[in-house]
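Inspection log for the structure reproduced underneath, given as structure tokens.
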Amino acid sequence: MSYFPDRNGFYGRFGGAYIPEMLYPNIKRLSESYLKILESPSFQEEFDTLLRDYAGRPSPLYYASRLSQHYGASVYLKREDLNHTGSHKINNTIGQILMAKRLGLRRIIAETGAGQHGVATATVCALLGMECVVYMGELDTQRQAPNVERMKMLGAKVVPVTSGSKVLKDATNEALRDWIANPENTHYIIGSVVGPHPYPDMVARFQSVISAEIRQQLQNKTGKELPDLVVACVGGGSNAIGSFYHFLEAPEVRLIGVEAAGQGVSSGHSAATTALGRPGVLHGSMTLLMQDADGQIEEAHSISAGLDYPGIGPQHAHLFEVRRVQYANVTDEEALKAGLLLARIEGIIPALESAHALAHLSKLELSGSETVVVCVSGRGDKDMQTYLEYLGRLG
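Under the numbering used here, the first residue of the sequence shown carries the number 33, and numbering increases by one thereafter.
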């Protein structure tokens with residue numbers, strides 16, 4: 033059983049590159065170049081140096097003693113929220129912009145939902161002197177306004193997208209249209225493990241630094257490098273793949289990806305793709321996606337902008353199908369409650385995306401001896417208004 037792509041970018045029956053003819057030269061060049069570039073010593077040296085000295089890696093693996101007592105297990109938090117720009121997204125943007133530089137491309141475009149990928153892209157573009165355009169659903173520009181201002185301060189052009197439901201899916205559509213119109217000088221930095229091959233594999237490789245560090249840090253802290261359980265939230269799924277990557281071939285490690293149930297899986301306002309989706313093509317790859325009987329993409333819903341996506345990456349679809357990863361879901365309310373709990377007992381305010389992973393801890397049957405690692409994919413500054421509204425409802 034392989035958990036990684038074949039030479040055509042397929043994970044089992046999922047993946048591939050379903051793209052317009054205009055993008056074929058770009059995808060072909062990237063497919064033929066990315067592994068050679070990524071594996072070259074000069075690239076690795078520059079990438080590792082920027083991760084260390086600019087992004088602040090390795091991110092801490094923190095033993096959350098009060099959270100551990102609360103749940104009755106040894107709970108460690110992988111603190112991606114402490115990276116420069118406040119999330120795991122910086123790992124991928126550094127890697128892809130260095131890749132674009134080696135391909136001679138100076139204009140960078142990106143999509144963003146929660147804004148963290150947009151901020152990370154704008155940050156590294158500023159560092160390396162590249163033009164930056166970020167597409168963001170109009171609804172997300174309103175609920176993630178602080179990140180919009182950060183992108184603008186960093187010199188990026190932020191384009192609000194008013195089509196469709198005005199969220200991440202629609203921002204991705206507009207970014208793809210831009211790339212089709214400007215194929216010769218533009219690199220599209222996809223922010224998650226979605227899209228046509230080689231993006232899912234390339235992003236996974238850049239984010240795999242998360243699980244590589246977890247293994248080493250656990251070894252240093254506990255004397256064993258394998259946890260019993262790793263939990264991460266899944267929208268498109270990059271922080272989860274990054275957290276799972278170096279454990280996929282260790283069957284003794286249980287892996288759980290937590291999706292957004294929104295107002296409830298059966299409410300019609302959900303983003304729980306593995307519970308609701310069927311195979312289909314979305315944004316250039318065959319994967320699982322939420323769709324109606326006619327194959328039209330259904331609108332996703334989550335209180336978390338970064339999980340408000342009607343599909344998952346093709347590697348996740350494969351891992352779900354072969355049952356290597358267990359996929360669960362939690363509601364908006366459960367995520368808010370978990371985020372508040374972490375703030376109150378550990379002094380850490382997580383992003384609402386990360387709060388979904390934390391919320392699933394309450395649903396686990398733990399014996400007390402387990403070592404559990406939860407990826408805190410981002411910090412909660414951008415979600416403060418939503419948290420404050422929740423506190424207001426609590427009185």
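Quick reminder that beta carbons are idealized off the backbone N, C-alpha and C, glycines included.
Bear in mind that the values here come from a model prediction, so they are computed numbers and not experimental data.
Sub-9 Å separation of residue 388 and residue 265 beta-carbons = Here residue 388 refers to the residue found at position 356 of the sequence shown. Here residue 265 refers to the residue found at position 233 of the sequence shown. Yes. Within cutoff.
In whole angstroms, what separates the C-alpha of residue 90 from that of residue 269?
-> Locating residue 90 in the sequence shown gives position 58, counting from the first residue. Locating residue 269 in the sequence shown gives position 237, counting from the first residue. Straight-line Cα distance between these residues: approximately 21 Å.
Contacts around residue 196, its chain only, beta-carbon distance under 6 Å, and the 5 residues preceding and following it disregarded | Walking along the sequence shown from the start, residue 196 turns up at place 164. Result list for residue 196: 202, in chain order.
Count the other CB atoms within 10 Å of the CB of residue 124; is the residue buried (16 or more) or exposed (fewer)?
-> Translated into positions along the sequence shown, residue 124 becomes position 92. Counting Cβ neighbours within 10 Å, residue 124 comes out buried, since at least 16 surround it.
Span of the beta strand (DSSP E) holding residue 205?
-> As a first step, residue 205 must be located in the sequence shown, where it is residue number 173. Segment 200–213 is the alpha helix (DSSP H) holding residue 205; no beta strand (DSSP E) there.
Looking only at its own chain, which residues have a Cβ that is under 6 Å from the Cβ of residue 179, when we skip the five neighbours before and after it?
-> On the sequence shown, residue 179 is found 147 positions in, with the first residue counted as 1. Cβ neighbours of residue 179 beyond the five flanking positions: 147, 151, 414.
Just to confirm, are residue 317 and residue 379 a CB contact at a threshold of 9 Å?
-> Translated into the one-based positions of the sequence shown, residue 317 becomes position 285. Translated into the one-based positions of the sequence shown, residue 379 becomes position 347. Their beta carbons are not under 9 Å apart, which means residue 317 does not touch residue 379 by this criterion.
Can you say whether residue 99 is buried or exposed, counting buried as having 16 or more other CB atoms within 10 angstroms of its CB?
-> As a working mapping, residue 99 is identified with position 67 in the sequence shown. Label assigned to residue 99: buried.
Proximity of residue 287 and residue 320 at Cβ, strictly below 9 Å | In the sequence shown, residue 287 corresponds to position 255, counting from 1. In the sequence shown, residue 320 corresponds to position 288, counting from 1. For residue 287 and residue 320, no; Cβs fall outside 9 Å.
With DSSP as the reference, please indicate the residues paired to residue 219 in a beta bridge.
-> One-based indexing of the sequence shown puts residue 219 at position 187. Its beta-bridge partners are 140.
Would you mind reading off the limits of the alpha helix (DSSP H) that contains residue 274?
-> The residue you call residue 274 lines up with position 242 of the sequence shown. Residue 274 -> alpha helix (DSSP H) spans 270–276.
Nearest neighbour of residue 276, chosen from 251, 295, 247, 303 [CA to CA] = Counting from 1 along the sequence shown, the entry for residue 276 is found at position 244. Comparing Cα-Cα distances from residue 276 to each of 251, 295, 247, 303, the minimum goes to 247.
Using the C-alpha atoms, what's the distance from residue 109 back to residue 241?
-> Along the sequence shown, read from residue 1 onward, the residue named residue 241 stands at position 209. Along the sequence shown, read from residue 1 onward, the residue named residue 109 stands at position 77. Taking the straight line from one Cα to the other gives about 15 Å.
Whole-angstrom distance between residue 126 and residue 116, CA atom to CA atom | One-based indexing of the sequence shown puts residue 116 at position 84. One-based indexing of the sequence shown puts residue 126 at position 94. Cα to Cα, the separation comes out at about 11 Å.
May I ask you to report which of helix, strand or coil DSSP gives residue 117?
-> Translated into the one-based positions of the sequence shown, residue 117 becomes position 85. Three-state DSSP puts residue 117 in coil, outside helix and strand.
For residue 210, which residues of its own chain have a beta-carbon under 6 Å away from its beta-carbon, when the five flanking residues on both sides are left out?
-> Within the sequence shown, residue 210 is the residue found at index 178, counting from 1. Hits under 6 Å: 141.
Sequence-distant residues of its chain with Cβ nearer than 7 Å to residue 304 (five each side left out) | Locating residue 304 in the sequence shown gives position 272, where the first residue counts as 1. Closer than 7 Å at the Cβ level, and outside the excluded window around residue 304, lie 291, 292, 293, 297, 361.
Segment limits, alpha helix (DSSP H) that includes residue 66 = In the sequence shown, counting from the first residue as 1, residue 66 sits at position 34. Looking at the DSSP string, the run of the alpha helix (DSSP H) that includes residue 66 is 56–70.
Rounded to a whole number of angstroms, what is the C-alpha to C-alpha distance between residue 390 and residue 371?
-> Within the sequence shown, numbered from 1, the residue matching residue 390 stands at position 358. Within the sequence shown, numbered from 1, the residue matching residue 371 stands at position 339. For residue 390 and residue 371, the distance between alpha carbons rounds to 7 Å.
Inter-residue CB distance, residue 156 and residue 188 (contact presumed, cutoff 8 Å) | Position 124 of the sequence shown, counted from the first residue, corresponds to residue 156. Position 156 of the sequence shown, counted from the first residue, corresponds to residue 188. Going by Cβ atoms, the distance from residue 156 to residue 188 rounds to 11 Å, so no, they are not a contact pair.
Should residue 48 and residue 40 be called a contact, given that it needs their Cβ atoms to be closer than 9 Å?
-> Taking the first residue of the sequence shown as position 1, residue 48 is located at position 16. Taking the first residue of the sequence shown as position 1, residue 40 is located at position 8. In contact: residue 48 and residue 40 (Cβ atoms closer than 9 Å).
Taking the DSSP output, what are the residues bridged to residue 110?
-> The sequence position of residue 110 within the sequence shown is 78, counting from 1. Answer is 93, 407, bridged to residue 110.
Residue ranges of each alpha helix (DSSP H) run of no fewer than 4 residues wholly in the segment 366–406, ordered along the chain?
-> 384–391
Name the DSSP beta bridge partners of residue 191, please?
-> Along the sequence shown, one-based indexing puts residue 191 at 159. For residue 191, which the question treats as bridged, DSSP gives the partners 167.
Would you check if the distance between the CB atom of residue 312 and the CB atom of residue 410 is smaller than 9 Å?
-> The sequence position of residue 312 within the sequence shown is 280, counting from 1. The sequence position of residue 410 within the sequence shown is 378, counting from 1. Cβ atoms of residue 312 and residue 410: not closer than 9 Å.
Kindly indicate which residue of 351, 349, 307, 350 has the alpha-carbon position closest to the one of residue 8.
-> The structure shown has nothing for residue 8, since the chain only spans 33 to 427.
Quick one: any contact between the segment 74–86 and the segment 347–359, if contact means 3 or more CB pairs under 8 Å?
-> no
My understanding is that residue 273 touches residue 236, with C-beta atoms under 8 Å, so please give their C-beta distance in whole angstroms.
-> Residue mapping note: residue 273 aligns to position 241 of the sequence shown, counting from 1. Residue mapping note: residue 236 aligns to position 204 of the sequence shown, counting from 1. Between residue 236 and residue 273 the Cβ distance is about 5 Å, and since that is below 8 Å, they are a contact.
Cross-strand partners of residue 361 (DSSP beta bridge) = The sequence position of residue 361 within the sequence shown is 329, counting from 1. BP columns for residue 361 point to 291.
Is the distance from the Cβ of residue 334 to the Cβ of residue 302 below 9 Å?
-> For this step, residue 334 is matched to residue 302 along the sequence shown. For this step, residue 302 is matched to residue 270 along the sequence shown. Yes, these two residues count as a Cβ contact at 9 Å.
According to DSSP, is residue 259 helix, strand or coil?
-> Taking the sequence shown and counting its residues from 1, one reaches residue 259 at position 227. Here residue 259 sits in coil by DSSP.
On a CA-only basis, which of 232, 122, 199, 223 is nearest residue 66? Give me that one, please.
-> Indexing the sequence shown from 1 puts residue 66 at position 34. Nearest of 232, 122, 199, 223 to residue 66, Cα basis: 232.
Residues near residue 191 by beta carbon distance below 8 Å, same chain, minus five either side | What you label residue 191 is simply residue 159 of the sequence shown in a count that begins at 1. Result list for residue 191: 165, 166, 167, 168, 206, in chain order.
Could you work out which residue in 55, 176, 51 is closest to residue 418 when comparing CA atoms only?
-> Residue mapping note: residue 418 aligns to position 386 of the sequence shown, counting from 1. It is 176.
Ignore the nearest five residues each way along the sequence and tell me which others in residue 382's own chain have a CB closer than 6 Å to its CB.
-> Along the sequence shown, read from residue 1 onward, the residue named residue 382 stands at position 350. 371, 374, 408, 412.
Reference residue 134, options 425, 122, 111, 160, closest by Cα | The residue labelled residue 134 in the question sits at position 102 within the sequence shown. With distances taken between Cα atoms, residue 134 lies closest to 160.
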